[in-house]
Amino acid sequence: MNNNIVNRNDAKKLLLLASLTGKIMLKNGAETYRVEDTIERICKSRMNIKYADAFVTPTGIFVSLEYEEEMMTYLIRVKNIKIDLNKIDLVNQFSRDFVNSNMSPSEGIDKLKKINKIKNYSSKTKVLFGSLACAFFSLLFGGTIMDFLSTYIISLIVLITINKIDKFKMTFFLNNFIGASLASFLSLASTTIGFGENMDIIIIGSIMALVPGVAITNAIRDTISGDFISGLSRGMEAVFSALAIAFGVGFVLNIYFKGMI
Numbered sequence: 001m002n003n004n005i006v007n008r009n010d011a012k013k014l015l016l017l018a019s020l021t022g023k024i025m026l027k028n029g030a031e032t033y034r035v036e037d038t039i040e041r042i043c044k045s046r047m048n049i050k051y052a053d054a055f056v057t058p059t060g061i062f063v064s065l066e067y068e069e070e071m072m073t074y075l076i077r078v079k080n081i082k083i084d085l086n087k088i089d090l091v092n093q094f095s096r097d098f099v100n101s102n103m104s105p106s107e108g109i110d111k112l113k114k115i116n117k118i119k120n121y122s123s124k125t126k127v128l129f130g131s132l133a134c135a136f137f138s139l140l141f142g143g144t145i146m147d148f149l150s151t152y153i154i155s156l157i158v159l160i161t162i163n164k165i166d167k168f169k170m171t172f173f174l175n176n177f178i179g180a181s182l183a184s185f186l187s188l189a190s191t192t193i194g195f196g197e198n199m200d201i202i203i204i205g206s207i208m209a210l211v212p213g214v215a216i217t218n219a220i221r222d223t224i225s226g227d228f229i230s231g232l233s234r235g236m237e238a239v240f241s242a243l244a245i246a247f248g249v250g251f252v253l254n255i256y257f258k259g260m261i
């Protein structure tokens, strides 16, 4: 098995391969320490790479390696992070296959591009089942069957609205504020007309799709792993997401209890 990099061009492709691997993992919700470890393992799997290191933040990847006393560095900016655990799993398996074989960097890049093109669930599927999950949360919090139905319909409207406004490239804070405000307003309307029974339970269930659970989890895991910059930035993202939700709900309830709606 020949695990050597034979020329400078192959070294550059290995650098690109490692960077692309990290980008796919990071933009689909992987923790930064896991991304760094994967990148370094890929680079160091080739015997004549004397040095390789990676520095990953939630919005960028820096990778450097040394080949025949020449340092090469690659920078990738990562935007629009989403959650796709299937792609993370596929990339993890790919990295193991690459490290334990004589696969060339060019072959590896081709495989990564195919993984990156794999389509996730459609927007309709996400909205339908996301709303269903929110509705079951209302039952978990002690709601009735009418609260369940109200939460499902409201969550459906909220998620469709958020998908629509995503096209305007607004900040996550504004998206969450609008979603939480809409959920609160529709919950009030539901109980006012007598369809829903418990306004508080319907509101809580309807905003569950907005709660930044993955961001909080990754912030804790990154911090525990010693990646304090990533942990802090993800933690702040989670805090501001939660604040946006709280402001959205509070804004509507404040107007309601003052008799303005």
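261 is the number that our numbering gives the last residue of the sequence shown; the numbers go up by one with no jumps.
Quick reminder that beta carbons are idealized off the backbone N, C-alpha and C, glycines included.
On the three-state DSSP scale, how would you describe residue i?
i	result
TYR152	helix
GLY231	helix
THR171	coil
SER64	strand
THR192	helix
ILE76	strand
ASN4	coil
Taking residue i as the reference, give the member of the options with the closest Cα.
i	options	result
PHE94	GLY250, MET25, SER206	MET25
PHE129	ASP147, GLY142, ILE160	ILE160
LYS12	GLY142, GLY248, CYS43	CYS43
ALA54	ARG41, GLU70, VAL63, ALA18	VAL63
MET208	VAL249, GLY194, LYS79, GLU237	VAL249
ILE203	GLY235, PHE148, ARG234	PHE148
LYS27	ASP84, GLU70, LYS113	ASP84
SER190	TYR152, ILE165, ARG234	TYR152
GLU70	TYR51, GLY235, PHE98, THR38	TYR51
PRO58	SER123, GLU237, GLY142	GLU237
ILE154	LEU112, LEU210, SER122	LEU210
ARG46	ASP10, ASP37, ILE5, THR38	ILE5
LYS114	ASN163, CYS134, SER104, VAL91	VAL91
ASP227	LEU253, ASP10, VAL56	VAL56
ASN262	ASN9, THR192, ARG234, LEU14	Residue 262 is absent from the model: the chain starts at 1 and stops at 261.
LEU132	SER233, LEU156, ILE162	LEU156
Between which two residues does the alpha helix (DSSP H) harbouring residue i extend?
i	result
ILE42	32-44
GLU107	105-116
VAL91	85-99
ASN9	8-27
LYS119	No alpha helix (DSSP H) holds LYS119; DSSP gives it neither H nor E.
Can you tell me where the beta strand (DSSP E) with residue i in it begins and where it stops?
i	result
LYS50	49-57
Give a single yes or no on whether residue i has its beta carbon closer than 7 Å to a heavy atom of the ligand SAM.
i	result
ASN102	Absence of the ligand SAM from the depicted structure is noted, as is the absence of any ligand whatsoever, leaving it without description.
Three or more beta-carbon pairs under 8 Å between the stretch 112-131 and the stretch 177-190, yes or no?
-> no
Complete runs of the alpha helix (DSSP H) confined to the stretch 205-254 [at least 4 residues] | 213-224
At a cut of 8 Å, does the stretch 13-33 reach the stretch 211-221 through at least three beta carbon pairs?
-> yes
Report yes or no: do three or more beta-carbon pairs, one from the stretch 126-143 and one from the stretch 64-76, lie closer than 8 Å?
-> no
The stretch 238-248 in contact with the stretch 164-178 per 3-pair CB rule at 8 Å = yes
Counting pairs of beta carbons, one from the stretch 35-42 and one from the stretch 74-88, are three or more of them closer than 8 Å?
-> no
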